[in-house]
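Colleague:
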Amino acid sequence: MPSISAEPSSAAEPSSAAEQGAMEAALAAALRGPRGANPLVGAVILSPEGEHLATGYHRGAGTAHAEADAISEARRQGIDTSGTTMVVTLEPCNHEGRTGPCAQAIIAAGIAKVVYAVDDPHDPAAGGARTLRAAGVEVHSGLAAGEARDLNREWFEAVAAKRPFVTLHIAQTLDSRIAAVDGTSQWISSPESLADNHGLRELIDAILVGTGTVLIDNPRLTARTPDGELSQLQPLRAVMGLRDVPADAAVRGTDGRFVHLPTRDPAQALGRLFDEGARHVMVEGGSSILSTFLAAGLVDELIIYLAPTLLGSGTAALNDLGITTLADAQHWSWDDAGGGAVRTLGNDLRLHLRSTRAATSKNSVPQKVLHSEAAEYLTGGH
Ligand SMILES: NC(=O)c1ccc[n+]([C@@H]2O[C@H](COP(=O)([O-])OP(=O)(O)OC[C@H]3O[C@@H](n4cnc5c(N)ncnc54)[C@H](OP(=O)(O)O)[C@@H]3O)[C@@H](O)[C@H]2O)c1
């Protein structure tokens, strides 16, 4: 990992080598979590002598925040956290989301000092740093701020645009086919890839397909366990397109968690889903919908299950992206977050990529704007 940066802030002071090392470890720990509605966050607890005592990270929406995870890890090891230092990649939160406020957990744990990288996107006046200082905790910010922002750059961009974070999912053959000539596509990928996909469906807020997929495949779009049972957490099921969704389509289900989006505009579809409360949407196909979202620059994360299979003909994963010359090609980077960039799942490869759009955009939004926009965006914990 390259050496980390310090950024001036009101409370900036030189950090110790132990704190810098802990911030590197916290950034690495953050990467173990999945991308999605919440940012990746990592935390490390140091003893007063600078010894690395415990590490925590955020495992996705609804689970313990990195700070609480690190405190729990210390407790599991029987470590007394009083007088210790917490080094964390994001300002500890100060609000009651689905999990308790981290600032209070830190105070209750007797932690004496907090060093964090970037401000929580909530209104800084009401932020965790202020609460911590008021309780007598020494607080410093700005260490590795650039790295911490880059870690979550797509998330910041989605927040600024007031749209959900978008994961695009493709199950394809070696020659980029998602269905055979006769329309059959179940299943191109291995049972292990299917199980992985159903695990993702439990983590997201909404799953989106086009009317074409509904009319051809009649999918249920539910999250299911490997034995076919419904999982506890179910995403909202969304279908995009002008044609009606048949009254007996499986996707409608009986739980009321279905929405038809009568539009061909991906931004409008995301706007509707955002209004429905979705902060993480997985777009599952078919090729028209996948291509529409990619062409519009509205995809933050790509997950591709690549089966060692050839079809030669059939439905291509993607159609026109509006690119006519190599210089305009979309570039993606391998993403180590949430289990790695390339993994073997049964017979398949699972490829994980992140957008380079936010990193390279000439019009990227200043972080201060992102932070104030985010205050409105967030409804739960980070
Ligand atoms: N392997 C996989 O991962 C996977 C996943 C899903 C689907 N599939 C396969 O994909 C195939 C279906 O692909 P598909 O492209 O026909 O269906 P699709 O992408 O699911 O739906 C296409 C339809 O969506 C509507 N639509 C909405 N916005 C649009 C836009 N901006 N541009 C174009 N169309 C838009 C149009 O219908 P309206 O006239 O209603 O607007 C269009 O006909 C099936 O064979 C299915 O098995 C494979």
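Residue 257 in the numbering used here sits at position 255 of the sequence shown; the count goes up by one each step and never skips.
From the three backbone atoms N, C-alpha and C, an ideal C-beta is built for every residue, glycine too.
Kindly indicate which residue of Val116, Gln174 and Ala30 has the alpha-carbon position closest to the one of Ile305.
Modeller: It is Gln174.
Colleague: Given a threshold of 16 other Cβ atoms within 10 Å of its Cβ, counted over all protein chains shown, does Arg352 qualify as buried or as exposed?
Modeller: Answer is buried; the Cβ neighbour count reaches 16.
Colleague: Which of the three DSSP states, helix, strand or coil, is assigned to Ala113?
Modeller: Checking the sequence, you will find Ile at residue 113 rather than Ala. It is coil, neither helix nor strand.
Colleague: Are the Cβ atoms of Val43 and Thr91 separated by less than 8 Å?
Modeller: Contact flag set, yes.
Colleague: Use the C-beta contact count for His262: other C-beta atoms within 10 angstroms, 16 or more gives buried, fewer gives exposed.
Modeller: By the neighbour-count rule (16 or more Cβ atoms within 10 Å), His262 is buried.
Colleague: When burial is assigned at 16 or more other CB atoms within 10 Å of the CB, is Val117 buried or exposed?
Modeller: Buried is the call here.
Colleague: Measuring only the C-alpha atoms, how far is Phe388 from Val253?
Modeller: A query on residue 388 cannot be resolved here, the shown segment of the chain reaching from 3 to 384 and no further.
Colleague: Going by DSSP, what residue range makes up the alpha helix (DSSP H) through Leu157?
Modeller: Just to set this straight, residue 157 is Trp in the shown sequence, not Leu. Segment Arg155 to Ala162, the alpha helix (DSSP H) holding Trp157.
Colleague: Can you confirm whether the stretch 286-301 touches the stretch 158-177 when touching is taken to mean that 3 or more C-beta pairs between the two stretches lie within less than 8 Å?
Modeller: In short, these stretches touch, since the Cβ pair count reaches three.
Colleague: When DSSP labels each residue in this structure, what does Arg274 get in the three-state scheme?
Modeller: Reduced to three states, the DSSP call for Arg274 is helix.
Colleague: Which residue or residues does DSSP assign as beta-bridge partners of Ser17?
Modeller: None, per the DSSP bridge assignment.
Colleague: Determine the contact status of Leu210 and Ala182, defining contact as a CB-CB distance below 8 Å.
Modeller: Against a cut-off of 8 Å, the Cβ pair of Ala182 and Leu210 comes out as no contact.
Colleague: Between the alpha carbons of Ser178 and Ala319, how many angstroms are there, rounded?
Modeller: Those two C-alpha atoms are separated by around 5 Å.
Colleague: Can you determine whether any heavy atom of ligand 1 sits closer than 7 Å to the C-beta of Arg274, and answer yes or no?
Modeller: Outside the cutoff, so no.
Colleague: Ile397 and Thr326 look like a contact to me (Cβ under 8 Å); what is the Cβ gap, rounded to whole Å?
Modeller: The question about residue 397 has no answer, for the chain in this structure spans 3 to 384.
Colleague: Do Asp71 and ligand 1 come close, with the Cβ less than 7 Å from some heavy atom?
Modeller: Flag unset: Cβ of Asp71 not near ligand 1.
Colleague: By the three-class DSSP mapping on this structure, what secondary structure does Asp350 have?
Modeller: DSSP places Asp350 in strand when its eight states are reduced to three.
Colleague: Given a threshold of 16 other Cβ atoms within 10 Å of its Cβ, counted over all protein chains shown, does Gly80 qualify as buried or as exposed?
Modeller: Gly80 should be labelled exposed.
Colleague: Since Ala136 is in the alpha helix (DSSP H), which residue starts that stretch and which ends it?
Modeller: Unbroken alpha helix (DSSP H) run through Ala136: Gly130 to Ala136.
Colleague: Count the other C-beta atoms from every protein chain shown that fall within 10 angstroms of the C-beta of Arg245, then say buried if there are 16 or more, exposed otherwise.
Modeller: Exposed: under 16 other Cβ atoms inside 10 Å.
Colleague: Check the C-beta distance from Asp229 over to Ser187 and give it rounded, since I have them as a contact under 8 Å.
Modeller: Contact flag wrong, Cβ pair sits at about 22 Å.
Colleague: Quick check on Thr256: buried or exposed, where buried means 16 or more other Cβ atoms within 10 Å of its Cβ?
Modeller: Under this definition Thr256 is an exposed residue.
Colleague: Confirm, please, whether the CB-CB distance from Val283 to Val247 is below 8 Å.
Modeller: Against a cut-off of 8 Å, the Cβ pair of Val283 and Val247 comes out as no contact.
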